[in-house]
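Residue numbers (the working numbering), protein chains in the order written: chain A, 1 to 255; chain B, 1 to 95. See structure below.
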Amino acid sequence: MRIRLLDTGPSAGALNMGIDEAVLLSVSRGESPPSLRFYGWKPSCITVGYFQSMQEEVDLGACRHRGIDAVRRITGGGAVFHQAEITYSIVLPAGRGLACDDILESYRGICGALVLGLARLGIESAFSPINDITSGGRKVSGNAQTRKQGCLLQHGTVLLDLDLDLMFSLLKVPAEKLKGRLIEDAKARVVSLRDLLGRPVGFEEARSALASGFAAVLAGSGDELEEGELSGSELAEGRIIASERFSSLAWNLRR
Amino acid sequence: MTLRKDHKVAAGKLIRVRIEVEQARALEVRVGGDFFAHPEDAFEEAEASLSGTGLAALPAAAAAAFSRPGLVIFGAGAADIAEALRRAIDENQAP
Chain A
1 MRIRLLDTGP SAGALNMGID EAVLLSVSRG ESPPSLRFYG WKPSCITVGY FQSMQEEVDL
61 GACRHRGIDA VRRITGGGAV FHQAEITYSI VLPAGRGLAC DDILESYRGI CGALVLGLAR
121 LGIESAFSPI NDITSGGRKV SGNAQTRKQG CLLQHGTVLL DLDLDLMFSL LKVPAEKLKG
181 RLIEDAKARV VSLRDLLGRP VGFEEARSAL ASGFAAVLAG SGDELEEGEL SGSELAEGRI
241 IASERFSSLA WNLRR
Chain B
1 MTLRKDHKVA AGKLIRVRIE VEQARALEVR VGGDFFAHPE DAFEEAEASL SGTGLAALPA
61 AAAAAFSRPG LVIFGAGAAD IAEALRRAID ENQAP
């Protein structure tokens with residue numbers, strides 16, 4: 001099976017989530033091939049998991065003040081600050097290969113592609129169930145999966161760099177006096193590619209390495225990665241979904 | 001009255017429950033957190049099914065509702081959700 005490889009560059013959070021869903025819908029209708037997309041975020045954005053309350057998790061006033069978007073995802077999991085990172089999303093018909101029926105196994109398979117990609121950068125890492133990838137015991141990637149319309153959508157991030165002070169200025173913490181300790185704890189638990197390699201890693205370098213990891217893993221199930229483009233109708237549908245859902249308070253503040 | 005409780009599952013995710021209460025019944029129950037549930041709709045149906053349940057029966061009703069066939073939750077279990085609700089209710093009744 002041919003898997004389309006997309007690089008859509010940086011977009012606003014609502015559009016990024018809209019495109020992810022538009023690709024899923026297009027694949028489910030048989031209009032687009034299964035796809036792997038890499039993208040970034042401009043402006044920076046906080047996303048919260050489907051079951052989280054935006055108002056409980058995010059300081060929306062601080063986000064507005066700093067020009068940072070806040071969007072609720074269609075996938076579960078926790079709040080993520082998307083700043084200096086590379087994000088991927090993969091959409092596959094459910095039921096075979098990396099989209100096998102066993103959800104934890106499919107996390108393991110897709111995260112395995114990322115682990116292989118990180119190895120191409122010289123980073124040793126491992127899948128850490130349920131949904132993380134760690135290196136030296138510290139989290140370098142978080143991932144989230146949903147299944148809709150007969151398809152799997154998994155998206156996730158790999159940290160290129162990390163600004164925990166900024167991140168914690170945007171997230172609500174139980175008590176202001178705990179913020180310093182939370183930042184110290186997070187420094188011990190989270191790591192970026194820059195920290196691991198002692199040099200900055202750009203989006204392009206990371207994209208190339210991660211795509212190579214996916215290509216190798218997909219080849220194992222007879223699938224081939226092939227560069228392609230987002231179709232005009234996918235982009236148009238993504239914009240509509242971004243506007244009607246991911247930019248709306250009714251969606252973002254629903255829980 | 002609103003009851004709230006955060007409950008960190010051992011080696012799992014954080015559950016944040018919110019119960020809107022009137023006359024010892026749950027008008028609305030929200031079970032939030034950073035867990036994963038598949039399919040998401042089934043989780044929300046289980047959540048909605050708890051509306052109107054008496055507080056005393058709520059933890060057991062939740063344990064049953066979130067154990068429904070076809071619903072898979074990662075990072076938390078139906079028993080953990082029941083425990084979070086029990087703690088929210090018990091803390092409110094503590095002297």
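Quick reminder that beta carbons are idealized off the backbone N, C-alpha and C, glycines included. All figures in this text were calculated on a predicted structure; none of them were measured in a lab.
- prompt: Just the Cα atoms here: how many angstroms apart are residue 71 of chain B and residue 153 of chain A?
  reply: 18 Å
query: Can you name the residues of chain B whose CB is closer than 8 Å to the CB of residue 56 of chain A?
result: 16, 32
- prompt: residue 20 of chain A by DSSP, collapsed to three states: which one?
  reply: helix
- request: For residue 9 of chain B, decide whether its Cβ has a neighbour in chain A, counting only Cβ atoms nearer than 8 Å.
  value: no
message: Alpha carbons only, please: which of A:234, A:109, A:168, A:73 is nearest the one belonging to residue 133 of chain A?
response: A:109
message: Whole angstroms are fine: how far does the CA of residue 194 of chain A sit from the CA of residue 95 of chain A?
response: 36 Å
message: For residue 66 of chain B, tell me which candidate among B:56, B:54, B:85, B:27 has the shortest Cα-Cα distance.
response: B:85
- prompt: Which one or two residues does DSSP pair with residue 251 of chain A in a beta bridge?
  reply: None; residue 251 of chain A has no bridge partner.
- request: List the residues of chain B whose Cβ lies closer than 9 Å to the Cβ of residue 133 of chain A, in chain order.
  value: Correct list: empty, because the minimum Cβ distance to chain B is about 16 Å.
field: Neighbour flag for residue 21 of chain B against chain A, beta carbons, 8 Å
entry: no
task: Please say whether residue 21 of chain B and residue 50 of chain B have beta carbons closer to each other than 8 Å?
output: no
- request: Please confirm if residue 50 of chain A has its CB atom under 8 Å from at least one CB of chain B.
  value: yes
query: Per DSSP, which one or two residues make a beta bridge with residue 75 of chain A?
result: Bridge partners of residue 75 of chain A: none, in fact.
Positions along the segment 61-78 of chain A whose CB lies within less than 9 Å of some CB in chain B: 74, 75, 76, 77, 78
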